[in-house]
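2 protein chains.
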Amino acid sequence: MALTERSGSHRIAIKEGTVAVTIRDVARASGVHISTVSRTFSAPHLVNPETRSRVLATAEQLGYRPNRAARALITGRTHNIGLIVADIANPFFPPLIKAAETHARRRDYHVFVADTDEDPIVELDLVQALAKQVDGILLCSPRMSDDQIEQVRREVPLVVINRMITGLPAVVMDVGHGAREAVRHLLDLGHRHLVYLAGPRGSWTNREIRRAAGATTRAAGAELTVLGPNQPVEETGAAAAEAVRRTCATAVLAYNDLMAIGLLQALQDRGVDVPGQVSVVGIDDIAYSGLVRPRLTTVANPTAAAGRAAVDMLLQQGDDGATGQVTLRTDLIIRNSTGPGPYAPAVALNAEVAATVKE
Amino acid sequence: MALTERSGSHRIAIKEGTVAVTIRDVARASGVHISTVSRTFSAPHLVNPETRSRVLATAEQLGYRPNRAARALITGRTHNIGLIVADIANPFFPPLIKAAETHARRRDYHVFVADTDEDPIVELDLVQALAKQVDGILLCSPRMSDDQIEQVRREVPLVVINRMITGLPAVVMDVGHGAREAVRHLLDLGHRHLVYLAGPRGSWTNREIRRAAGATTRAAGAELTVLGPNQPVEETGAAAAEAVRRTCATAVLAYNDLMAIGLLQALQDRGVDVPGQVSVVGIDDIAYSGLVRPRLTTVANPTAAAGRAAVDMLLQQGDDGATGQVTLRTDLIIRNSTGPGPYAPAVALNAEVAATVKE
DNA sequence: TTGAAAGCGCTAACAG
DNA sequence: CTGTTAGCGCTTTCAA
Numbered sequence: 001m002a003l004t005e006r007s008g009s010h011r012i013a014i015k016e017g018t019v020a021v022t023i024r025d026v027a028r029a030s031g032v033h034i035s036t037v038s039r040t041f042s043a044p045h046l047v048n049p050e051t052r053s054r055v056l057a058t059a060e061q062l063g064y065r066p067n068r069a070a071r072a073l074i075t076g077r078t079h080n081i082g083l084i085v086a087d088i089a090n091p092f093f094p095p096l097i098k099a100a101e102t103h104a105r106r107r108d109y110h111v112f113v114a115d116t117d118e119d120p121i122v123e124l125d126l127v128q129a130l131a132k133q134v135d136g137i138l139l140c141s142p143r144m145s146d147d148q149i150e151q152v153r154r155e156v157p158l159v160v161i162n163r164m165i166t167g168l169p170a171v172v173m174d175v176g177h178g179a180r181e182a183v184r185h186l187l188d189l190g191h192r193h194l195v196y197l198a199g200p201r202g203s204w205t206n207r208e209i210r211r212a213a214g215a216t217t218r219a220a221g222a223e224l225t226v227l228g229p230n231q232p233v234e235e236t237g238a239a240a241a242e243a244v245r246r247t248c249a250t251a252v253l254a255y256n257d258l259m260a261i262g263l264l265q266a267l268q269d270r271g272v273d274v275p276g277q278v279s280v281v282g283i284d285d286i287a288y289s290g291l292v293r294p295r296l297t298t299v300a301n302p303t304a305a306a307g308r309a310a311v312d313m314l315l316q317q318g319d320d321g322a323t324g325q326v327t328l329r330t331d332l333i334i335r336n337s338t339g340p341g342p343y344a345p346a347v348a349l350n351a352e353v354a355a356t357v358k359e
Numbered sequence: 001m002a003l004t005e006r007s008g009s010h011r012i013a014i015k016e017g018t019v020a021v022t023i024r025d026v027a028r029a030s031g032v033h034i035s036t037v038s039r040t041f042s043a044p045h046l047v048n049p050e051t052r053s054r055v056l057a058t059a060e061q062l063g064y065r066p067n068r069a070a071r072a073l074i075t076g077r078t079h080n081i082g083l084i085v086a087d088i089a090n091p092f093f094p095p096l097i098k099a100a101e102t103h104a105r106r107r108d109y110h111v112f113v114a115d116t117d118e119d120p121i122v123e124l125d126l127v128q129a130l131a132k133q134v135d136g137i138l139l140c141s142p143r144m145s146d147d148q149i150e151q152v153r154r155e156v157p158l159v160v161i162n163r164m165i166t167g168l169p170a171v172v173m174d175v176g177h178g179a180r181e182a183v184r185h186l187l188d189l190g191h192r193h194l195v196y197l198a199g200p201r202g203s204w205t206n207r208e209i210r211r212a213a214g215a216t217t218r219a220a221g222a223e224l225t226v227l228g229p230n231q232p233v234e235e236t237g238a239a240a241a242e243a244v245r246r247t248c249a250t251a252v253l254a255y256n257d258l259m260a261i262g263l264l265q266a267l268q269d270r271g272v273d274v275p276g277q278v279s280v281v282g283i284d285d286i287a288y289s290g291l292v293r294p295r296l297t298t299v300a301n302p303t304a305a306a307g308r309a310a311v312d313m314l315l316q317q318g319d320d321g322a323t324g325q326v327t328l329r330t331d332l333i334i335r336n337s338t339g340p341g342p343y344a345p346a347v348a349l350n351a352e353v354a355a356t357v358k359e
């Protein structure tokens with residue numbers, strides 16, 4: 001580590017060819033005490049306007065930026081947050097990550113992003129490793145047990161996304177509503193026997209969808225066959241094509257778009273017309289969904305809004321102790337993978353459906 | 001901020017109900033001086049094995065974790081890195097982010113991820129804001145000018161991905177090679193008039209592809225029409241369908257998969273058979289590419305490997321001053337969006353091509 | 001092998 | 001409004 005003599009004090013070239021300019025340099029250059037410089041940045045109203053602008057000018061000129069880590073050491077606020085997701089590459093997450101990061105930055109927070117690879121042990125470890133470096137953590141679709149989450153929340157403020165745990169601040173999407181809408185759409189089209197292509201076992205979302213779909217079908221006197229549980233990936237959707245055909249159902253609601261797309265294409269590959277013979281509905285409205293043919297009818301989950309809401313909740317937690325639970329609306333987006341079923345009420349409805357199709 | 005009396009010293013409950021256990025607590029509990037605790041974690045070989053295990057035990061029991069920010073203040077190493085991308089939601093980036101994060105964590109580094117939304121001003125600001133908090137920054141497909149990059153590299157170690165700047169450590173993918181392979185594949189199939197559907201103006205990658213495609217077609221005495229520049233999104237690909245048809249070309253190489261997919265489906269929507277009448281090749285091999293029908297023939301870019309390589313380069317930069325430039329191999333993946341052209345050498349080749357098709 | 005002391009860059013009382 | 005002082009949690013000389 002190279003030492004550089006300068007202005008009578010020694011300073012460390014922290015990284016190859018990189019010199020850090022500190023509050024002391026600014027103080028010296030502008031002829032004030034370091035605390036005045038400090039105030040200029042963290043409590044400007046306590047500083048004489050003239051002094052302030054002079055300090056600001058020299059700071060600007062020297063390229064000074066307050067060291068957040070040093071500041072954090074004394075204030076206890078790092079102005080960082082952690083965002084932990086199961087799989088960054090899963091198309092469901094990037095929009096959420098993007099929205100959360102942008103929103104956080106607008107509020108002057110930086111975001112650590114980490115990927116657990118669906119492993120609860122990694123997840124726990126990550127939360128603890130990040131705890132000291134952040135003001136709070138956003139836990140997306142956690143795989144940890146409720147107990148573990150309860151435990152770590154004592155080490156660091158938490159907001160959970162996509163899971164309900166009593167007493168814990170959470171942001172969830174109203175997938176129950178979405179599932180009901182989807183099922184109703186299929187029933188309206190004249191389908192009387194549906195399949196729910198289920199998601200992974202421990203998923204809160206999966207339970208919600210299943211319950212809503214079950215209740216709605218039952219209320220209409222129609223039939224619902226549940227196929228699963230399944231890993232929520234394209235392959236299992238494709239692999240389910242055979243089983244779906246065997247049920248003789250004419251419409252399928254899938255746990256997520258990835259599975260719906262897998263199914264969609266496996267059906268087409270074996271000569272089944274979608275939506276002519278079988279209608280398919282997904283959930284999430286990931287970017288892929290509008291790209292496949294036929295375009296996928298799906299339930300749009302407001303992932304970006306969820307990211308922003310979670311950031312807001314986390315940052316407010318400090319102010320008051322309020323720990324609400326937010327439920328965001330979901331919406332059915334009708335595209336081209338759903339069509340009339342065997343009991344379709346003929347013309348009138350078809351026209352209406354055609355009119356609401358979103359291109 | 002609540003104050004809690006404990007063990008004769010006052011400690012701050014930094015966050016609602018959260019107490020931080022410090023090196024001092026461990027020292028007191030295990031009856032040694034704080035510097036011994038410090039050594040136990042940062043220079044274990046300097047500590048008596050017995051003392052060490054005693055300290056470790058109490059630390060474990062108290063749930064002590066060293067505060068990285070405090071450590072950074074004195075060592076100058078934060079053990080954090082920054083990862084700046086143009087758009088997290090662009091399907092090209094998530095695999096890279098995931099790989100970089102995982103790789104960095106394995107080496108005990110945490111990763112700040114930030115999204116510039118394609119804005120060079122935001123990008124510059126972000127680099128400077130992050131500079132003090134990280135040991136280095138990974139700049140993916142930067143939109144800043146070379147001069148700006150040269151300037152900020154003096155504030156923080158940098159590794160650039162997807163751009164070559166002399167004297168700056170960089171990781172790039174050999175898209176020239178990929179483009180050559182793709183064009184040769186099309187020529188072999190009997191196409192004599194190709195289109196290059198170009199990317200954005202300032203892109204280094206775009207220039208490389210264009211040059212390689214141009215040279216290869218010329219050498220074969222075939223024709224290449226360049227359409228562009230274009231924004232690298234699905235919509236512009238779709239919008240180009242008309243122009244592509246007007247050229248009477250029978251094969252298209254697109255700047256990226258998003259554009260290729262847009263084109264593919266716009267062609268099909270207007271009754272043009274792919275690959276029957278027009279062959280389409282993309283670049284990147286994003287996850288979507290295997291999902292569309294026909295599956296997209298494309299050039300696979302090793303984004304995950306690029307992320308890992310960049311992390312390695314960044315972390316090595318500290319050790320020696322080595323600032324290499326790494327070029328990663330790209331590979332042509334033949335799927336179903338390419339087929340025989342008007343000058344196809346009939347049977348023999350078709351059989352061979354059929355055999356190499358990747359399902 | 002351990003302790004004492006200084007100090008990283010900064011903020012936060014408290015005087016003046 | 002500004003300077004003085006103490007100290008956040010930790011590492012790192014220097015002595016013992």
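Residue numbers (full-length UniProt numbering), protein chains in the order written: chain P, 1 to 359; chain L, 1 to 359. In this text, a Cβ means the ideal position worked out from N, Cα and C, and glycines have one as well.
Return the CA-CA distance between residue i and residue j, expressed in angstroms with no decimal places.
{"i": "Val159/L", "j": "Gly307/L", "result": "10 Å"}
{"i": "Glu234/L", "j": "Leu258/L", "result": "5 Å"}
{"i": "Arg28/P", "j": "Ser35/P", "result": "12 Å"}
{"i": "Val272/P", "j": "Pro91/P", "result": "27 Å"}
{"i": "Ala310/P", "j": "Arg210/P", "result": "25 Å"}
{"i": "residue 365/P", "j": "Leu83/L", "result": "This structure cannot speak to residue 365/P, because chain P is shown only from 1 to 359."}
{"i": "Arg180/L", "j": "Leu139/L", "result": "27 Å"}
{"i": "Ile333/L", "j": "Ile286/L", "result": "12 Å"}
{"i": "Gly262/L", "j": "Ile283/L", "result": "13 Å"}
{"i": "Asp119/L", "j": "Pro49/P", "result": "33 Å"}
{"i": "Glu60/P", "j": "Val134/L", "result": "21 Å"}
{"i": "Pro345/L", "j": "Gly339/L", "result": "12 Å"}
{"i": "Arg71/P", "j": "Pro44/P", "result": "16 Å"}
{"i": "Ile149/L", "j": "Thr298/L", "result": "31 Å"}
{"i": "Ser42/L", "j": "Gln128/P", "result": "19 Å"}
{"i": "Ile88/P", "j": "Gln231/L", "result": "25 Å"}
{"i": "Arg39/L", "j": "Thr75/L", "result": "14 Å"}
{"i": "Ser337/L", "j": "Pro200/L", "result": "24 Å"}
{"i": "Val85/P", "j": "Phe93/P", "result": "7 Å"}
{"i": "Ile161/P", "j": "Arg207/P", "result": "16 Å"}
Report the option in the options whose CA atom is closest to the CA atom of residue i.
{"i": "Ala170/P", "options": "Glu101/P, Met313/P, Val111/P", "result": "Met313/P"}
{"i": "Arg293/L", "options": "Asp269/L, Gly176/L, Ala20/L, Pro345/L", "result": "Asp269/L"}
{"i": "Gly341/P", "options": "Leu315/P, Val280/P, Ile333/P", "result": "Val280/P"}
{"i": "Ala241/P", "options": "Thr216/P, Ala344/P, Leu264/P, Gly176/P", "result": "Leu264/P"}
{"i": "Leu197/L", "options": "Thr166/L, Leu189/L, Ala260/L", "result": "Ala260/L"}
{"i": "Asp147/L", "options": "Thr166/L, Thr216/L, Lys132/L, Gly136/L", "result": "Thr166/L"}
{"i": "Arg107/L", "options": "Pro345/L, Leu315/L, Ser337/L", "result": "Leu315/L"}
{"i": "Ala69/L", "options": "Thr78/L, Lys98/L, Val244/L", "result": "Thr78/L"}
{"i": "Thr217/P", "options": "Arg207/P, Asp188/P, Gln231/P, Gly237/P", "result": "Asp188/P"}
{"i": "Ile97/L", "options": "Gln325/L, Ala304/L, Thr22/L", "result": "Ala304/L"}
{"i": "Gly176/L", "options": "Leu168/L, Ala215/L, Gln151/L", "result": "Ala215/L"}
Tell me which same chain residues have a C-beta within less than 8 Å of the C-beta of residue i, skipping the five on either side of it?
{"i": "Gly290/P", "result": "Leu296, Arg335"}
{"i": "Asp174/L", "result": "Thr327, Leu328, Arg329, Thr330"}
{"i": "Glu352/P", "result": "Here Glu352/P scores only 48 on pLDDT, less than 50, and its place in the model is too uncertain to base an answer on."}
{"i": "Ala222/P", "result": "Leu187, His191, Arg192, His193, Leu194"}
Going by the beta-carbon positions, is the gap between residue i and residue j smaller than 9 Å?
{"i": "Leu73/L", "j": "Asn80/P", "result": "no"}
{"i": "Leu224/P", "j": "Ala213/P", "result": "yes"}
{"i": "Ala300/L", "j": "Gly178/L", "result": "yes"}
{"i": "residue 379/L", "j": "Trp204/L", "result": "No answer is possible for residue 379/L: it lies beyond the span of chain L, which begins at 1 and ends at 359."}
Which same chain residues end up closer than 7 Å to residue i when comparing Cβ atoms and leaving out the 5 residues on each side of it in sequence?
{"i": "Ala354/L", "result": "Note that Ala354/L scores 44 on pLDDT, short of 50, meaning its location in the model is unreliable; the coordinates nonetheless yield the value given after this. If we look at Ala354/L and ignore the five residues flanking it on each side, it has no Cβ neighbours."}
{"i": "Val32/L", "result": "Thr51, Val55"}
Identify, in the order they occur along the chain, each residue of the same chain with its Cβ nearer than 6 Å to the Cβ of residue i, setting aside the five sequence neighbours on each side.
{"i": "Ile266/L", "result": "Strictly speaking, residue 266/L in this sequence is Ala, with Ile absent from that position. Closer than 6 Å at Cβ, skipping near neighbours: Ala238, Ala241."}
Using 8 Å as the threshold, is the region 183-195 of chain P in touch with the region 246-257 of chain P, meaning 3 or more CB pairs across them?
-> Contact between the region 183-195 of chain P and the region 246-257 of chain P is established, with three or more Cβ pairs separated by less than 8 Å.
Per the contact definition of three or more C-beta pairs closer than 8 Å, is the region 140-155 of chain L in contact with the region 143-163 of chain P?
-> no
With a cut-off of 8 Å, do at least 3 Cβ pairs link the region 108-124 of chain L to the region 100-109 of chain P?
-> yes
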